[in-house]
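Peer 1: For the sequence shown, UniProt numbering gives the first residue as 1, with consecutive numbering after it.
Backbone N, C-alpha and C define an ideal beta-carbon position, used for all residues, glycine too.
One structure is given below, represented as structure tokens, and several questions about it will come after.
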Amino acid sequence: MSVESFLTYIQHEKRYSPHTVLAYRTDLLHFAGFMAGTYEMQPEDARHVHIRDYMVRLMEEQIGANSIGRKLSSLRSFYKYLYRRKVIAASPMSMIKAPKVPERLPVFVDEERLNYLLDSGEFFDESFPSVRDKVVIEMLFGTGMRLAELLGLQAADIDFYEETVRVLGKRKKERIIPLPKQLVLQLKTYIELKSLQKFNNKSEGLFVTNKGAPVYPLFIYKIVNSYLTYISTQDKKSPHVLRHSYATSLLNRGADLNAIKELLGHASLAATQVYTHNSIERLKTIYKQAHPKA
Numbered sequence: 001m002s003v004e005s006f007l008t009y010i011q012h013e014k015r016y017s018p019h020t021v022l023a024y025r026t027d028l029l030h031f032a033g034f035m036a037g038t039y040e041m042q043p044e045d046a047r048h049v050h051i052r053d054y055m056v057r058l059m060e061e062q063i064g065a066n067s068i069g070r071k072l073s074s075l076r077s078f079y080k081y082l083y084r085r086k087v088i089a090a091s092p093m094s095m096i097k098a099p100k101v102p103e104r105l106p107v108f109v110d111e112e113r114l115n116y117l118l119d120s121g122e123f124f125d126e127s128f129p130s131v132r133d134k135v136v137i138e139m140l141f142g143t144g145m146r147l148a149e150l151l152g153l154q155a156a157d158i159d160f161y162e163e164t165v166r167v168l169g170k171r172k173k174e175r176i177i178p179l180p181k182q183l184v185l186q187l188k189t190y191i192e193l194k195s196l197q198k199f200n201n202k203s204e205g206l207f208v209t210n211k212g213a214p215v216y217p218l219f220i221y222k223i224v225n226s227y228l229t230y231i232s233t234q235d236k237k238s239p240h241v242l243r244h245s246y247a248t249s250l251l252n253r254g255a256d257l258n259a260i261k262e263l264l265g266h267a268s269l270a271a272t273q274v275y276t277h278n279s280i281e282r283l284k285t286i287y288k289q290a291h292p293k294a
């Protein structure tokens, strides 16, 4: 089946992450179900009229523009793969345009609030779960790494002498991120405390649950969400918000955009430039508050 061969290709040759492969699988199987149920055809037999009909169906189901755009992106990659392997003569996506997505600025938490959460001494104690939770939040805010990157960390990835952490990012691309000195000390305390815990099963991962099992996405999300609730009323309180907060803080303090790109592990500068909008909005706010002609 062409869909399965494409998924094998992106998993083993392109080395996409399991999360990305799953997203492609979900999108392509959804489209395959539409083609089979509506036209009794295989996805590789689709023409642009079928793609447009699929878009209409998604809109009727009130699927958002972002989600439709992602599904179309999956289809575009799929048909590009089929075209390169001469399974099809032309891509049916060549005449398809994704619906316009309204621009949304990255959500971040103000630096002062995060510093209050982490440094005030009001929210964390010296127990293992509390120390771990604090280091998790410090790591996400202090390095800007992705949730998947945090989950894959091992103690060996921390270089205490150089004060850096080695991260395996998207498409298995490795990068080195500097660690704040305070976080280095906290990591040492956490690792020592972790070694003293009497777990039945010791995980090789850097971060573990209260019982010593490897942490998982929902576990980290709950940690971040619960603590951000103390300092933020915004709806989004996810690990990715801390990544946005890291990038925004760097930009506000004058960091070079290309340097931020490398620290975040972005493939292109376009992905990093979205943070400049937050800084512009911040400048506008300061201007309105401070300038006599505002």
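1. Looking at the structure shown, is residue 178 part of a helix, part of a strand, or coil, going by DSSP?
2. For residue 168, which three-state DSSP category applies?
3. Rounding to the nearest angstrom, what Cα-Cα distance links residue 206 and residue 188 in this structure?
4. Can you find the residues in the same chain that come closer than 7 Å, C-beta to C-beta, to residue 213, ignoring five residues on each side of it along the sequence?
5. Tell me the rounded alpha-carbon separation between residue 93 and residue 270.
6. Helix, strand or coil for residue 186, going by three-state DSSP, please let me know.
7. From residue 163 to residue 41, what does the alpha carbon distance come to, in whole angstroms?
8. Residue 111 to residue 245, Cα distance in whole Å?
9. Cα-Cα, which of 156, 177 and 117 is closest to residue 137?
10. Taking the straight line between their C-alpha atoms, what separation do you get for residue 268 and residue 260?
11. Can you tell me whether residue 160 is buried or exposed? The criterion is at least 16 other CB atoms within 10 Å of its CB, across all chains shown.
12. Note down the Cα distance separating residue 120 from residue 69, rounded to an integer number of angstroms.
13. Tell me which residue opens and which closes the alpha helix (DSSP H) that residue 63 is part of.
14. Smallest Cα separation from residue 95: which of 256, 2 and 50?
15. For the alpha helix (DSSP H) holding residue 6, just list the boundary residues, first then last.
16. Use the C-beta contact count for residue 14: other C-beta atoms within 10 angstroms, 16 or more gives buried, fewer gives exposed.
17. Can you name the residues that DSSP bridges to residue 208?
18. Looking at C-beta atoms only, is the number of pairs between the segment 236 to 244 and the segment 174 to 182 that lie closer than 8 Å three or more?
19. Considering only the alpha carbon of each residue, which of 220, 23 and 35 lies closest to residue 46?
20. With distance defined between alpha-carbon atoms, name the residue in 54, 170, 85 and 140 nearest to residue 238.
21. Within a Cβ cutoff of 6 Å, which residues of the same chain sit near residue 223, ignoring the five residues on either side of it in sequence?
22. For residue 249, report the span of its alpha helix (DSSP H) as first-last.
23. Classify residue 272 as buried or exposed, calling it buried when 16 or more other Cβ atoms lie within 10 Å of its own Cβ.
Peer 2: The answer reads as follows:
1. For the purposes of this step, residue 178 is taken as the residue at position 178 of the sequence shown. If DSSP states are grouped into helix, strand and coil, residue 178 belongs with the strands.
2. Here residue 168 is taken as the residue at index 168 of the sequence shown, counted from 1. Residue 168 falls in the strand class under three-state DSSP.
3. Here the question's residue 206 lines up with position 206 in the sequence shown. Here the question's residue 188 lines up with position 188 in the sequence shown. Their backbone Cα atoms lie some 11 Å apart in a straight line.
4. Counted from its first residue, the sequence shown places residue 213 at position 213. Excluding positions up to five away in sequence, the list reads 201 and 203.
5. Stepping through the sequence shown from its first residue, residue 93 is reached at position 93. Stepping through the sequence shown from its first residue, residue 270 is reached at position 270. Rounded to the nearest angstrom, the two C-alpha atoms are 23 Å apart.
6. Here the question's residue 186 lines up with position 186 in the sequence shown. Helix, per DSSP.
7. Taking the first residue of the sequence shown as 1, we reach residue 163 at position 163. Taking the first residue of the sequence shown as 1, we reach residue 41 at position 41. Near 56 Å, if we compare the C-alpha coordinates of residue 41 and residue 163.
8. Residue 111 sits at position 111 when you count from the first residue of the sequence shown. Residue 245 sits at position 245 when you count from the first residue of the sequence shown. Distance from the CA of residue 111 to the CA of residue 245, rounded to the nearest whole angstrom, comes to 7 Å.
9. Along the sequence shown, read from residue 1 onward, the residue named residue 137 stands at position 137. The shortest Cα separation from residue 137 among 156, 177 and 117 belongs to 117.
10. For the purposes of this step, residue 268 is identified with residue 268 of the sequence shown, where counting begins at 1. For the purposes of this step, residue 260 is identified with residue 260 of the sequence shown, where counting begins at 1. If you take the alpha carbons of residue 268 and residue 260, they lie about 11 Å apart.
11. Mapped onto the sequence shown, residue 160 falls at position 160. The residue in question, residue 160, is exposed, as its Cβ has fewer than 16 Cβ neighbours within 10 Å.
12. In the sequence shown, residue 120 corresponds to position 120, counting from 1. In the sequence shown, residue 69 corresponds to position 69, counting from 1. In this structure, the CA atom of residue 120 is about 43 Å from the CA atom of residue 69.
13. For the purposes of this step, residue 63 is taken as residue 63 along the sequence shown, with counting starting at 1. Secondary structure note for residue 63: it is in no alpha helix (DSSP H), with a DSSP letter that is neither H nor E.
14. Here residue 95 corresponds to residue number 95 of the sequence shown, with the count starting at 1. Out of 256, 2 and 50, 50 has the C-alpha closest to the C-alpha of residue 95.
15. As a first step, residue 6 must be located in the sequence shown, where it is residue number 6. Its alpha helix (DSSP H) spans residues 2 to 12.
16. Taking the sequence shown and counting its residues from 1, the one referred to as residue 14 is at position 14. Classification for residue 14: exposed.
17. Locating residue 208 in the sequence shown gives position 208, where the first residue counts as 1. DSSP lists 214 as partners of residue 208.
18. No: the two stretches stay apart, fewer than three of their Cβ pairs being nearer than 8 Å.
19. If you number the sequence shown from 1, residue 46 lands on position 46. Nearest of 220, 23 and 35 to residue 46, Cα basis: 35.
20. Against the sequence shown, residue 238 aligns to sequence position 238. Of the candidates 54, 170, 85 and 140, 140 places its Cα closest to the Cα of residue 238.
21. Sequence index remark: in the sequence shown, residue 223 carries index 223 (1-based). Excluding residues within five positions, the ones whose Cβ falls inside 6 Å are 133 and 136.
22. Residue numbering aside, residue 249 sits at position 249 when the sequence shown is read from its first letter. It spans 239 to 252 - the alpha helix (DSSP H) in which residue 249 sits, taken as one unbroken run.
23. What you label residue 272 is simply residue 272 of the sequence shown in a count that begins at 1. By the neighbour-count criterion, in which 16 or more other beta carbons inside 10 Å mark a residue as buried, residue 272 falls on the buried side.
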